[in-house]
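First residue of the sequence shown? That's 32 in our numbering, and the numbers climb one at a time after it.
Inspection log for the structure reproduced underneath, given as structure tokens.
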Amino acid sequence: MKYTFSFVLMLTLCISVFAQVPNESNSADPDPNAYIIADEQPRPININKIRQMIGYPPRAQQENIQGKVVIRVLVDEEGNYKRHIILKDPHNVLTEAVEAQAPNMKFTPAIKDGKAIKVWVTIPFDFKLTREEQP
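Structure representation (structure tokens):
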């Protein structure tokens, strides 16, 4: 009985260790909080167009809502938007405007050891009214 328990325990430990071996195809998404060192970081290609498409939400302008929305975007090996998370949400009107356009973002891919990799990129969107725009 003692040996059976030891064998089952060792088998369980081996299975859990082997289950944690990273997938060779690198298909798993990196942790949004992990620091990944890349030889070349991704750069937004169309950020000016995205900012123009977002504009200043009319309701936010009418209600004098200002702030900085900060999102973290997962960029795949081809430089495409995959998904995002919100890091800073000053007001839902501003955040919803950013989230509506986030999937349209394009990037240069991140490169590590000559290969394109998935990485998370942090992008701020500032919403600040000038005196002329304030109601």
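Heads up, the beta-carbon is just placed ideally off N, CA and C, and yes, glycines get one too.
For clarity, every value in this text was computed on a predicted model and none was experimentally measured.
Item, Value
"Bridge partners - T153, DSSP secondary structure assignment", "R103"
"Exposure of P140, with buried meaning 16 or more beta-carbon neighbours within 10 Å", "buried"
"Between the CA atoms of V106 and W151 - distance to the nearest angstrom", "6 Å"
"Same chain, Cβ closer than 6 Å to R114, neighbours up to 5 away in sequence not counted", "L105"
"Candidates K80, Y66 and G110: closest to A147 by CA position", "G110"
"Alpha carbon of H122 to alpha carbon of E108, nearest angstrom", "32 Å"
"Paired residues, beta bridge with I117 - DSSP", "I102"
"CA nearest to the CA of L118, picked from N77, P155 and A69", "P155"
"Exposure label - T126; buried when at least 16 CB within 10 Å", "buried"
"Separation of A65 from K99, as counted between CA atoms", "23 Å"
"C-beta contact flag for V129 and I96 at 7 Å", "no"
"Own chain residues within Cβ distance below 8 Å of R82, not counting five before or after", "F156"
"Cut-off 8 Å between Cβ atoms - residues of its own chain near Y112, not counting five sequence neighbours on either side", "V104, L105, V106, A133, P134, N135, M136, K137 and F138"
"Identity of the residues DSSP links to N77 by a beta bridge", "DSSP, once it has assigned bridges, lists no residue as partnering N77."
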